[in-house]
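Beneath this line is the structure, given in structure tokens, with notes to follow.
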């Protein structure tokens, strides 16, 4: 008789990922009160803008071919995809650096800070972010879940140490960004060893990879780009219409509520992706895995999100200082949407597993439209708070609809069972 307390492979892998990620987030949470006293709202605004730019660029420069790493039929094929993705990211980052300089000139008149953000820091962090994701997928495919957890912990530790040192040395303007880049670099170096030795990808092999993963390029690339643009839209519009200071308040709010939950959800989602893909291939459905993971995420996230919703103002005042009370207000407004996002996003890979990239793209476009309209509310009515209220309400509704599609497609074709 099986011990009811004995963990299966799926639960064990999720636990390892979640544990390592949680420990890494504890580091970031513990240093946040220090960082808010070393850096001001404008510096956090610069950090939020660079993070948004790099996240968008990381999608563009990989063409989302990296999705093929998980679903490849052999490990050697997965390695070829990983190597090609890294080469694409490096070349794409260089091209984006030139384009970024032109964008900075058009939007900000070649302002020195904005020029550095768009032409150097944004593309640099984008290359590292793309490498981060590629190597994570490859190591998860090989089931090196413990190594991924250790690397995440080291990444957070490096970021924390570097950010504090740069802050103490009064390198405030770019200290957070350089620390972010260093943390990503440590993560990439730790995960690179299982991809060694590196080798070139022959033209015919590259053509086969593009052909085999054309649906990811055709549907997942624009879908992920639209989704990320929708989620990062406030960080792109706020500097233009409300200034870097308001962007900084928003950045801290996201750092407190969205970043830890995103990393924990992402860690669980990465394991879910690997197991659900195999389950769907064998049985034609992965709905049981979706339900299991969704309930885990609800139970994990509900206490923390509830505390932030009710006690954000006194907590922010005590922990971060009086100047960050505005961030507390932003946090309370965004909490409902971000909690639903926390539960739904990790299982959204069902669209890829079930080959429903087209439907995913259609929903992402709808999300971008509603998010853009929500952000414009504040511009029309003259306040950042109005934008965030509209954004949270519309986003919560859209993610509920998203989960309905996930349920439908996860049930799939039961005839294989």
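Numbering (our numbering), first residue to last: -17 to 399. All C-beta atoms in this analysis are idealised placements derived from N, C-alpha and C, irrespective of residue type, glycine included. Keep in mind that this is a model prediction, so the values were computed, not measured.
Check	Outcome
DSSP three-state label for residue 399, please.	Confidence is the limiting factor: at residue 399 the pLDDT is only 38, short of 50, which leaves the residue's position unreliable, though a coordinate-based value still follows. Coil.
Count the other C-beta atoms from every protein chain shown that fall within 10 angstroms of the C-beta of residue 189, then say buried if there are 16 or more, exposed otherwise.	exposed
At the level of alpha carbons, what is the spacing between residue 385 and residue 273?	11 Å
Cβ atoms of residue 158 and residue 312: under 8 Å apart, would you say?	no
Determine the burial state of residue 91: buried for a count of at least 16 other Cβ atoms within 10 Å of its Cβ, exposed for fewer.	exposed
Tell me the DSSP secondary structure of residue 130 in three-state form.	helix
Kindly indicate which three-state DSSP category residue 93 falls into: helix, strand or coil?	coil
By the DSSP assignment, the alpha helix (DSSP H) with residue 270 in it spans what residues?	269 to 301
Since residue 149 and residue 17 should fall inside the 8 Å C-beta cutoff, what is the C-beta to C-beta distance between them, to a whole number of angstroms?	7 Å
Are the Cβ atoms of residue 63 and residue 199 separated by less than 8 Å?	no
Is the distance from the Cβ of residue 279 to the Cβ of residue 325 below 8 Å?	yes
By the three-class DSSP mapping on this structure, what secondary structure does residue 404 have?	Outside the displayed span of the chain (-17 to 399) sits residue 404, for which this structure offers no information.
Give the DSSP-derived three-state secondary structure of residue 155 in the structure shown.	helix
According to DSSP, is residue 21 helix, strand or coil?	coil
Look up residue 181 in the DSSP assignment and say whether it is helix, strand or coil.	coil
Using only alpha-carbon positions, find the residue among 287, 248 and 14 that is nearest to residue 114.	248
Three or more C-beta pairs under 8 Å: does that hold for the region 199 to 211 against the region 161 to 178?	no
Could you tell me the distance, in whole angstroms, from the CA atom of residue 101 to the CA atom of residue 394?	44 Å
Can you tell which of 52, 39 and 369 has the C-alpha that lies nearest to the C-alpha of residue 219?	369
Would DSSP call residue 56 helix, strand or coil?	coil
Reducing DSSP to helix, strand and coil, say where residue -17 ends up.	Interpretation of residue -17 is limited by its pLDDT of 46, a score under 50 that renders its predicted location unreliable; no figure is taken from the coordinates.
May I ask you to report which of helix, strand or coil DSSP gives residue 331?	coil
Take residue 221 as the anchor and find which of 5, 8, 34 and 19 has the nearest alpha-carbon.	34
Among 361, 193, 118 and 143, which residue has its Cα nearest to the Cα of residue 216?	361
Output the distance between the C-alpha atoms of residue 344 and residue 253, rounded to the nearest integer angstrom.	26 Å
Shortest alpha-carbon distance to residue 119 belongs to which of 51, 380, 281 and 337?	51
Using a 10 Å radius around the Cβ and a threshold of 16 neighbouring Cβ atoms, would you call residue 168 buried or exposed?	buried
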